[in-house]
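Peer 1: One structure, as structure tokens, below. Some questions next.
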Ligand SMILES: [Zn+2]
Ligand SMILES: [Zn+2]
Ligand SMILES: [Zn+2]
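Spelled out as structure tokens, the structure:
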């Protein structure tokens, strides 16, 4: 029995919190009724099957987060270079890598790489809270002061939290404004844009040191039917770049009116970066794979890895006081709690999202036309595993009956160690394989 138990843990890649299922699956030949394959957890140790937890966060499950990062890489790369049902012609489409930031909510200590001082201002004096409004120190990125406000009293916490709460809306308006700007630049009526071109994207949200979300996005311009149709002749990277800049500057969202806060005008920050991606055989711009890897890196980060918020929901004010976070993060969480209690902000659900500092968006989002989906990648992986493991013969028409139910999750303390060992071995094997590729004569993928 013991080796099968090990096999099960290995099959989940050493997942730290596997889901336990009980049930069976039977595959029959439709014509003859013959059972071609039957699997039942009754023969398994503990009468259960372990399935991966699929958590995206490295802080929750490192092995599953690596799988998720791999899927994200393929998903983003397919949208850039084709593959996984996306035509390779997408490489020749106008494609940009765009970074949109939050505006400033007050000066924070910043790290520099060239020995520059933090916020030097000669004879700048102090603010109304008697704190210096300048900082002549040179900070290393590892210093805990980096990202913390020079004066928490002057920092606009309500604006920061309300901006987060509307970041999704700002993004939606940005994509609509980009289409509108492109349409008017080429003299098209807005309603006709979709008959000529389709704008698709994949974006990830990332917390900066100051705990404000910024957005990295791959934006691509295709023909009217998405990746399978070429864009019109007017669709150039230059036109797309200029449309992105114009659109980002034009977007404005107003927060709901509040007697204590008023109505805030929320916009993107002035720091905006839009760079064309390198097309096949072209030497300028960013390389496709580098961008896909960059995006994949962010989705596995949990709130705790980025030191912004927590990976769990905060249910009471006491949870905020007890959270292991910096004073700045705690102030943002308290602001969420306070504003979340005001009726005018009820739709923003700020208390439910205090752990993410008011941001309700997904970490990764993409338009349907951009590329393949996580589901498609998982199905492909499951089919591959099935074909190598159980070998249901092709040919006759087959029908499969499955019945599964959830019976638990997690590992016993002993199994936790075994799973961690298997996960480590997998990482090591991958590293060794990479070294092999780098050996003389070999080539890195
Ligand atoms: Zn897992
Ligand atoms: Zn400083
Ligand atoms: Zn102050």
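Residue numbers (the working numbering): 64 to 508.
Ideal placement from N, C-alpha and C gives every residue a C-beta, glycine not left out.
Note the first and the last residue of the continuous beta strand (DSSP E) segment covering residue 168.
Peer 2: The sequence position of residue 168 within the chain shown is 105, counting from 1. Premise fails: residue 168 is in no beta strand (DSSP E) and is neither H nor E.
Peer 1: Indicate, with yes or no, if ligand 2 has a heavy atom lying under 7 angstroms from the CB of residue 124.
Peer 2: If you number the chain shown from 1, residue 124 lands on position 61. No, Cβ of residue 124 sits at least 7 angstroms from all heavy atoms of ligand 2.
Peer 1: Return the CA-CA distance between residue 200 and residue 182, expressed in angstroms with no decimal places.
Peer 2: The residue labelled residue 200 in the question sits at position 137 within the chain shown. The residue labelled residue 182 in the question sits at position 119 within the chain shown. In a straight line, the C-alpha of residue 200 is about 8 angstroms away from that of residue 182.
Peer 1: Tell me, please, whether the CB atom of residue 286 is closer than 8 angstroms to any CB atom in chain D?
Peer 2: Of the protein chains in this structure there is only one, and it is not chain D.
Peer 1: Taking the alpha-carbon positions, what's the residue 79 to residue 475 distance?
Peer 2: For the purposes of this step, residue 79 is identified with residue 16 of the chain shown, where counting begins at 1. For the purposes of this step, residue 475 is identified with residue 412 of the chain shown, where counting begins at 1. Their Cα atoms are separated by approximately 11 angstroms.
Peer 1: Among 294, 292, 287, 267, which has the Cα closest to the Cα of residue 281?
Peer 2: Against the chain shown, residue 281 aligns to sequence position 218. Comparing Cα-Cα distances from residue 281 to each of 294, 292, 287, 267, the minimum goes to 267.
Peer 1: For residue 270, which of helix, strand or coil comes out of DSSP?
Peer 2: Locating residue 270 in the chain shown gives position 207, where the first residue counts as 1. It is a strand residue.
Peer 1: Could you check what DSSP says for residue 505 in three-state terms: helix, strand or coil?
Peer 2: Walking along the chain shown from the start, residue 505 turns up at place 442. The predicted position of residue 505 is uncertain, since its pLDDT is 33 and thus under 50; no value can be drawn from it.
Peer 1: Is residue 471 near ligand 3, judged by its Cβ being under 7 angstroms from some heavy atom?
Peer 2: Sequence index remark: in the chain shown, residue 471 carries index 408 (1-based). Checking every heavy atom of ligand 3 against the Cβ of residue 471, none is found closer than 7 angstroms.
Peer 1: Along the chain, where does the alpha helix (DSSP H) containing residue 247 start, and where does it finish?
Peer 2: Reading the chain shown from its first residue, position 184 is the one you call residue 247. Counting along the chain, the alpha helix (DSSP H) containing residue 247 begins and ends at 230-248.
Peer 1: Rounded to a whole number of angstroms, what is the C-alpha to C-alpha distance between residue 382 and residue 256?
Peer 2: Stepping through the chain shown from its first residue, residue 382 is reached at position 319. Stepping through the chain shown from its first residue, residue 256 is reached at position 193. Cα to Cα, the separation comes out at about 49 angstroms.
Peer 1: Are the CB atoms of residue 377 and residue 396 within a distance shorter than 8 angstroms?
Peer 2: Taking the first residue of the chain shown as position 1, residue 396 is located at position 333. Taking the first residue of the chain shown as position 1, residue 377 is located at position 314. Taking 8 angstroms as the Cβ cut-off, residue 396 and residue 377 qualify as a contacting pair.
Peer 1: Could you give the DSSP three-state label for residue 315: helix, strand or coil?
Peer 2: Within the chain shown, residue 315 is the residue found at index 252, counting from 1. It is coil, neither helix nor strand.
Peer 1: Does the distance between the C-beta of residue 200 and the nearest non-hydrogen atom of ligand 2 fall short of 7 angstroms?
Peer 2: Walking along the chain shown from the start, residue 200 turns up at place 137. At least one heavy atom of ligand 2 is nearer than 7 angstroms to the Cβ of residue 200, so yes.
Peer 1: Collect the residues with a C-beta less than 7 angstroms away from any heavy atom of ligand 3 and give them in sequence order along the chain.
Peer 2: Cβ-based neighbours of ligand 3 within the cut-off: 190, 191, 192, 194, 214, 216, 217.
Peer 1: Residue 467: buried (16+ other C-beta within 10 angstroms of its C-beta) or exposed?
Peer 2: Start at 1 with the first residue of the chain shown, and residue 467 comes out as number 404. Looking at its Cβ environment, which holds fewer than 16 other Cβ atoms inside 10 Å, residue 467 is exposed.
Peer 1: Can you give the Cα-Cα distance for residue 385 and residue 326, rounded to whole angstroms?
Peer 2: Taking the first residue of the chain shown as 1, we reach residue 385 at position 322. Taking the first residue of the chain shown as 1, we reach residue 326 at position 263. Whole-angstrom Cα-Cα distance: 32 angstroms.
Peer 1: Would you mind listing the alpha helix (DSSP H) stretches within the segment 109-182 that are 4+ residues and don't spill past its ends, in chain order?
Peer 2: With a minimum length of 4 residues, the continuous alpha helix (DSSP H) runs that stay inside the segment 109-182 are 125-144.
Peer 1: Quick check: the Cα distance between residue 442 and residue 175, rounded to an integer number of angstroms?
Peer 2: Here the question's residue 442 lines up with position 379 in the chain shown. Here the question's residue 175 lines up with position 112 in the chain shown. Those two C-alpha atoms are separated by around 45 angstroms.
Peer 1: For the candidate residues 171, 222, 195, whose alpha-carbon lies nearest to that of residue 210?
Peer 2: For the purposes of this step, residue 210 is taken as residue 147 along the chain shown, with counting starting at 1. If we check each option's Cα against that of residue 210, 171 comes out closest.
Peer 1: Is it the case that the Cβ atoms of residue 144 and residue 463 are separated by a distance below 8 angstroms?
Peer 2: Here residue 144 is taken as the residue at index 81 of the chain shown, counted from 1. Here residue 463 is taken as the residue at index 400 of the chain shown, counted from 1. Cβ atoms of residue 144 and residue 463: not closer than 8 angstroms.
Peer 1: Between the alpha carbons of residue 146 and residue 72, how many angstroms are there, rounded?
Peer 2: What you label residue 146 is simply residue 83 of the chain shown in a count that begins at 1. What you label residue 72 is simply residue 9 of the chain shown in a count that begins at 1. Cα-Cα distance, rounded: 31 angstroms.
Peer 1: Taking the continuous beta strand (DSSP E) assigned at residue 339, which residues delimit it?
Peer 2: The residue given as residue 339 occupies position 276 in the chain shown. Its beta strand (DSSP E) spans residues 335-339.
Peer 1: Can you have a look at residue 75 and say buried or exposed, based on whether 16 or more other CB atoms are within 10 angstroms of its CB?
Peer 2: What you label residue 75 is simply residue 12 of the chain shown in a count that begins at 1. With 16 or more other Cβ atoms within 10 Å, it is buried.
Peer 1: In the DSSP assignment, what residue or residues form a beta bridge with residue 469?
Peer 2: Taking the first residue of the chain shown as position 1, residue 469 is located at position 406. DSSP output for residue 469 lists 84 as bridge partner(s).
Peer 1: Are the segment 146-161 and the segment 289-299 in contact at 8 angstroms, needing three or more beta carbon pairs?
Peer 2: Touching, yes.
Peer 1: Going by DSSP, what residues sit across from residue 462 in a beta bridge?
Peer 2: As a position in the chain shown, residue 462 is number 399, starting the count at 1. 91.
Peer 1: To which residues of the same chain is residue 26 closer than 6 angstroms at the C-beta, ignoring the five residues directly before and after it?
Peer 2: This structure leaves residue 26 out entirely; the chain is present only between 64 and 508.
Peer 1: Tell me the residue span of the alpha helix (DSSP H) that contains residue 395.
Peer 2: Mapped onto the chain shown, residue 395 falls at position 332. Here the alpha helix (DSSP H) through residue 395 covers 390-403.
Peer 1: Got a sec: does ligand 2 put a non-hydrogen atom nearer than 7 angstroms to the Cβ of residue 184?
Peer 2: Against the chain shown, residue 184 aligns to sequence position 121. Every heavy atom of ligand 2 is 7 angstroms or more from the Cβ of residue 184, so no.
Peer 1: Using the three-state DSSP reduction, which class does residue 66 fall into: helix, strand or coil?
Peer 2: Within the chain shown, residue 66 is the residue found at index 3, counting from 1. Helix at residue 66.
Peer 1: Under 6 angstroms Cβ to Cβ from residue 336, same chain only, skipping five residues before and after it: list those, please.
Peer 2: The residue you call residue 336 lines up with position 273 of the chain shown. Result list for residue 336: 162, in chain order.
Peer 1: Just to confirm my understanding: we take residue 421, look at its own chain, exclude 5 residues before and 5 after, and list those with CB closer than 6 angstroms. What are they?
Peer 2: Within the chain shown, residue 421 is the residue found at index 358, counting from 1. Taken in chain order, the residues that qualify are 224, 227, 228, 399, 413.
Peer 1: Per DSSP, which residues does residue 264 bridge with? Please list them.
Peer 2: As a position in the chain shown, residue 264 is number 201, starting the count at 1. Bridge partners of residue 264: 282.
Peer 1: Decide if residue 207 is buried, meaning its Cβ has at least 16 other Cβ atoms within 10 Å, or exposed.
Peer 2: Here residue 207 refers to the residue found at position 144 of the chain shown. Counting Cβ neighbours within 10 Å, residue 207 comes out exposed, since fewer than 16 surround it.
Peer 1: Which stretch, first to last residue, makes up the beta strand (DSSP E) that contains residue 101?
Peer 2: Locating residue 101 in the chain shown gives position 38, counting from the first residue. Segment 98-103, the beta strand (DSSP E) holding residue 101.
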